[in-house]
Amino acid sequence: LLLIVDAAVQRPPLLLPAGAGAGAQSGPRAMACSPEIRKMFAQLQAQPPNKVCVDCSSRIPQWASTTYGTYMCLECSGIHRSMGVHISFVQSVTMDSWKNARYVAKMKGGGNGAFNDFLAAHGVPENVIKGAAGTSEPQRLREKYHARATGLYKDKMDALAEGRPWSAPAPEPYKNLAPAAPGAVSG
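To convert, note that position 39 of the sequence shown is 98 in my numbering; the numbers rise steadily by one, no gaps.
Spelled out as structure tokens, the structure:
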């Protein structure tokens, strides 16, 4: 076995079969999604709202938030990851295996249009829901994903994945609940 240690990132080393190159992968990351999952994603991503990033409208998103059942671009996926898995758990549409039935159910039952429409119906301002095409603004995304409506949608998606009923509480006026940006001065 060949032992490769990635010193730049603190993660366990990969154990590769002898003769495997440094670019080879093993473990769960090495498994691409199954043909059935690829077909499902092809059908879901053919829907117009899912052809663009949920957050910035960049074309052909290849990342997904399994928390909300939405599709996003690489740049916005990085912002989602920086907010933490308790806010949004992100996977590659093509490179990750999709063996968790809950994640698959959320992707089937969600979608970018359903998510953003839900936020709008619960009072989240349009300028918070969607930024300019190709721009991801970390503070706007923090505001969007810390909104009360986003938490409600997360609860809705959890109920869908668990097969239990869910009903939305009455909408409340929108309030920015996002934590201040690092280094921001409040006043």
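Even glycine gets a Cβ: it sits at the ideal position worked out from N, Cα and C.
Tell me whether S136 sits in a helix, a strand or coil according to DSSP, three-state version. Residue 136 sits at position 77 when you count from the first residue of the sequence shown. Note: S136 maps to helix in three-state DSSP.
Tell me the rounded alpha-carbon separation between Q150 and W157. In the sequence shown, the residue the question calls residue 150 occupies position 91. In the sequence shown, the residue the question calls residue 157 occupies position 98. Their Cα atoms are separated by approximately 9 Å.
Measuring CA to CA, which of C132, A123 and R201 is closest to M142? By 1-based counting over the sequence shown, the position of residue 142 is 83. Here the closest residue by C-alpha is R201.
A218 and M166: beta carbons closer than 8 Å? Against the sequence shown, residue 218 aligns to sequence position 159. Against the sequence shown, residue 166 aligns to sequence position 107. Judged by beta-carbon spacing, M166 lies beyond the 8 Å limit of A218, meaning their Cβ atoms are not closer than that value.
Quick one: residues in its chain with C-beta nearer than 7 Å to the C-beta of G169, no 5 flanking neighbours on either side, listed in chain order? Against the sequence shown, residue 169 aligns to sequence position 110. Only Y127, G128, T129 and M216 meet the Cβ criterion.
Buried/exposed call for L178, threshold 16 Cβ in 10 Å: By one-based count along the sequence shown, residue 178 stands at place 119. Buried.
In this structure, does DSSP put Q150 in helix, strand or coil? Within the sequence shown, the letter at position 91 stands for residue 150. Three-state result, Q150: strand.
Delimiting residues of the alpha helix (DSSP H) encompassing Y162: For the purposes of this step, residue 162 is identified with residue 103 of the sequence shown, where counting begins at 1. Element bounds for Y162: A160 to G168.
Would a C-beta distance cut-off of 8 Å place Q238 and H205 closer than the cut-off? Residue mapping note: residue 238 aligns to position 179 of the sequence shown, counting from 1. Residue mapping note: residue 205 aligns to position 146 of the sequence shown, counting from 1. Strictly speaking, residue 238 in this sequence is Pro, with Gln absent from that position. Inclusion of P238 and H205 in the CB contact set at 8 Å is warranted, their separation being smaller than that value.
Flag this pair as yes or no: are the beta carbons of N171 and P108 separated by less than 8 Å? Along the sequence shown, one-based indexing puts residue 171 at 112. Along the sequence shown, one-based indexing puts residue 108 at 49. With contacts defined by Cβ atoms closer than 8 Å, N171 and P108 form a contacting pair.
Based on Cα-Cα distance, which residue from I146, C92 and V111 lies nearest to K203? Position 144 of the sequence shown, counting from 1, holds the residue named residue 203. For the residues I146, C92 and V111, the minimum Cα distance to K203 belongs to I146.
Out of N159, V113 and N235, which has the shortest C-alpha to C-alpha gap to A220? To locate residue 220, count along the sequence shown from 1; it is residue 161. That would be N159, whose Cα lies nearest to the Cα of A220.
When burial is assigned at 16 or more other CB atoms within 10 Å of the CB, is L236 buried or exposed? If you number the sequence shown from 1, residue 236 lands on position 177. By the Cβ-count criterion, L236 is exposed, with fewer than 16 other Cβ atoms from all chains shown falling within 10 Å of its own Cβ.
Return the Cβ separation of H181 and A164 in integer angstroms, given the expectation that the two are a contact with Cβ distance under 8 Å. Translated into positions along the sequence shown, residue 181 becomes position 122. Translated into positions along the sequence shown, residue 164 becomes position 105. About 22 Å separates the beta carbons of H181 and A164, which is beyond the 8 Å limit, so they are not a contact pair.
Over what stretch of residues does the beta strand (DSSP E) that includes A130 continue unbroken? Start at 1 with the first residue of the sequence shown, and residue 130 comes out as number 71. This sequence places Tyr at residue 130; Ala is not what is there. Here the beta strand (DSSP E) through Y130 covers T129 to M131.
Check whether the Cβ atoms of K110 and I119 lie closer than 8 Å to each other. Mapped onto the sequence shown, residue 110 falls at position 51. Mapped onto the sequence shown, residue 119 falls at position 60. Yes.
With distances taken Cα to Cα, identify the nearest neighbour of Y212 among G222, R199 and P228. Start at 1 with the first residue of the sequence shown, and residue 212 comes out as number 153. For the residues G222, R199 and P228, the minimum Cα distance to Y212 belongs to P228.
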